Amino acid sequence: MWEKLLRKNIVSVPPEWPQAIDPQEASVLVLMAHHPGQEDFQIVLTKRTQKVLHHKGQISFPGGVPEKEDPHLLATALRETHEEIGVPSEAIEILGMLDPVVTGFQVKIIPFLGLLSGPPMFKASPDEVEKILFLPGKVLLSRGIQPVIAREQAFEVKSVGIHWENELIWGATAKILEQIYKILKGIP
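Taking this note's numbering, the leading residue of the sequence shown gets 18, the next gets one more, and so forth.
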């Protein structure tokens, strides 16, 4: 049922994606996994290492800014997913796109929604990913996304978020999760 609701309520990926890529845009892949015969799903998240340039230690989706060889932002999200967590693009069915999210640094993130087809084959990049987390759909749907205070270096940041496995998922990642929550709960 969750898969049908998502397919019905998200935007399809344009067949002719524009070739020009705005340097203030990035993309992520919201990868959803489920076991055949089970109603629940899991959303794949990563905890970034302390080695990365930006957002050290934060929970995020695989993704990033485009590189020269990326013809479009979907290609960026798929390439980054393979680099960060080892899942090849042929193992992912792209369901569509969620609404863009703009970060505090004015970077526009385009979230693509993908379904993992087949058994998971994860391999975290030791330079980029400290660990892979799996947020159960039933947890997202029962708790929702709430106002939180995130501590970033010496600052406190008001945001929305959800706690899972002793981690705070906040910021753009939580805003993207909130879209999934609203679609599945039928909230406009």
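Backbone N, C-alpha and C fix where the C-beta goes; we use that ideal spot for every residue, glycine too. Just so we're clear, the structure is a prediction, and the values are computed from it rather than from any experiment.
If you draw a straight line from the Cα of Tyr198 to the Cα of Lys140, it is about 27 Å long. The region 22-85 is shown to contain no whole alpha helix (DSSP H) run of 4 or more residues.
In the structure shown, Gly154 adopts helical secondary structure according to DSSP, grouped into three states. Short of 8 Å from the beta carbon of Ile109, and not among the five residues preceding or following it, lie these beta carbons of its own chain, in chain order: Leu46, Leu48, Leu95, Thr98, Gly131, Leu132, Leu133 and Ser134.
Measuring C-alpha to C-alpha distances from Lys148 to each of Phe172, Glu101 and Lys125 identifies Glu101 as the nearest. Under a 10 Å Cβ-count criterion, Ser159 is classified as exposed, with fewer than 16 other Cβ atoms of the shown protein chains found around its own Cβ. Note that the C-beta distance between Glu20 and Phe78 is not below 9 Å. When beta bridges are read from the DSSP output, Pro164 appears opposite Val177. For the pair Pro137 and Ala50, the Cα-to-Cα distance works out to about 8 Å. Spanning the alpha carbons of Val118 and Thr190 requires a straight line of approximately 9 Å. If you look at Lys202, you'll find it in the alpha helix (DSSP H) that goes Gly188 to Lys202. A distance of 9 Å or more separates the beta carbons of Glu56 and Pro83. In this model, Pro205 and Met18 are separated by some 18 Å (Cα to Cα). Note that the region 181-190 does not touch the region 27-35; fewer than 3 beta-carbon pairs, one per stretch, sit closer than 8 Å. Shown here, Glu147 sits in a strand according to DSSP, grouped into three states. With fewer than 16 neighbouring CB atoms inside 10 Å of its own CB, Lys155 falls in the exposed class. In the structure shown, Leu95 adopts helical secondary structure according to DSSP, grouped into three states. Look at Glu182 here: in three-state DSSP terms it is coil, with no helix or strand label.
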